[in-house]
Amino acid sequence: MTHDWRVTDLSALADRLRKTKRHKKLVGLIARAAAAGTIREDLLEAERCLEEIERIQAGRNQSEAEVDAREVTITGALFSHAVVLYGRATFTSSEERRGLLGEDHLTVPLRAAHRAIKKLRNSGIAHYGRAEHLPDGPLVREAVVYIFWRTDGHVRDQVNVLSTRAQHKVRVQRQLKGLVRAQLDHLALSQQDYLTAVREELEIAMKADSDLGRMLPTLPFDPYAFCASPEAALKLAVNLQRGELGNHSYAVGIPDAVADGSGSPA
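Numbered according to the numbering used here, the sequence shown spans residues 10 to 275.
Now the structure itself:
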């Protein structure tokens, strides 16, 4: 039995149509579907960051008097990254991606948490700020101090700066994890609708424009141009042929030769 399959790059089609100002509705629907996909990936990555913080904390010896400096750095980076990703997915937009999510569908407690995360992102993570609005204390505390010593008739003084930064906040972390899951669940309800709308509008446009149908075979999707490595491209190509896209993740391990800087893979 002969198995025939092909994959058309509708994003490339949209780019071509956009330049000629044709089929604007189809172009907009493709852009919205693409936005939904990348927003979902942002939220999933934020969720993974928060789960990794939990794993690190669970694996720590609770009897340790002090938290290891390396753990502080890692958890802080994961927390900040999760906040930025959540903001990028829900309340910021750019010329390349318009927002699809907001706060109207959230419960009252989650809406309050959403606004708190938004304020934290804007005035404590993306830009400097103490984030004094947080329920379990500010991110940053600072003080300029004047120290005076008198010892055996000798006088010394010094002006210095004391500063401390909480790399993450446990209560905010828990709120953010609930927010991320709520936004993912809401997006899941509409993402298939976005994809169905693209398919239906494509059929309408092809019936009205015979040139569009002839254009599609000239825009094949190329996994090897899309992926950063041949291994990831092969994985994607096989999954496309099987119709098994899963979570759209095609990451592969970094070869040792690249990881240690000794060379590049063949």
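Positions of the beta carbon are idealized from the N, C-alpha and C atoms, including for glycine.
Using a Cβ distance threshold of 8 Å, L35 and A214 count as a contacting pair. When the five nearest sequence neighbours on each side are left out, the beta carbons in the same chain lying within less than 7 Å of the beta carbon of A206 are those of L38, in order along the chain. Just measuring C-alpha positions, the residue of T17, A23, S89, R15 sitting nearest L185 is S89. In the structure shown, the three-state DSSP call for D145 is coil.
Counting the other Cβ atoms within 10 Å of the Cβ of K28 gives fewer than 16, which makes it exposed.
For V164, there is no enclosing alpha helix (DSSP H); the residue is found in the beta strand (DSSP E) stretching over 163–174. For G96, the CB contacts under 6 Å within the same chain, skipping 5 residues up- and downstream, are R130 in chain order. The beta carbons of P229 and L245 sit no closer together than 8 Å.
In the DSSP secondary-structure assignment, R150 is bridged to T173. Leaving aside the five residues that flank R180 on each side, the residues in its chain whose CB is nearer than 7 Å to its CB run, in chain order, P144, D145. In the DSSP assignment, G96 falls within the alpha helix (DSSP H) that extends over 78–99. Contact between I48 and L196 holds, since their C-beta atoms are separated by about 7 Å, short of 8 Å.
With 16 or more neighbouring CB atoms inside 10 Å of its own CB, G133 falls in the buried class. The three-state reading of DSSP puts T47 in helix, counting H, G and I together.
A straight-line Cα-Cα distance of about 39 Å links D220 and D194. L119 is a Cβ neighbour of A191, given a cutoff of 8 Å.
At a Cβ-Cβ threshold of 8 Å, I126 and L188 count as neighbours. Taken atom to atom, the span from the alpha-carbon of A45 to that of Q250 is near 23 Å. Burial state of V92 is buried, judged by a 10 Å Cβ sphere holding 16 or more other Cβ atoms.
Spanning the alpha carbons of S20 and A40 requires a straight line of approximately 8 Å. In terms of Cβ geometry, E105 and H123 do not form a close pair [threshold 8 Å]. Between the alpha carbons of H163 and G138 lies a distance of about 40 Å. A direct Cα-Cα distance of roughly 14 Å separates V154 from T173.
Judged by beta-carbon spacing, A140 lies within the 8 Å limit of L148, meaning their Cβ atoms are closer than that value.
The Cβ atoms of Y203 and A42 lie closer than 8 Å to each other.
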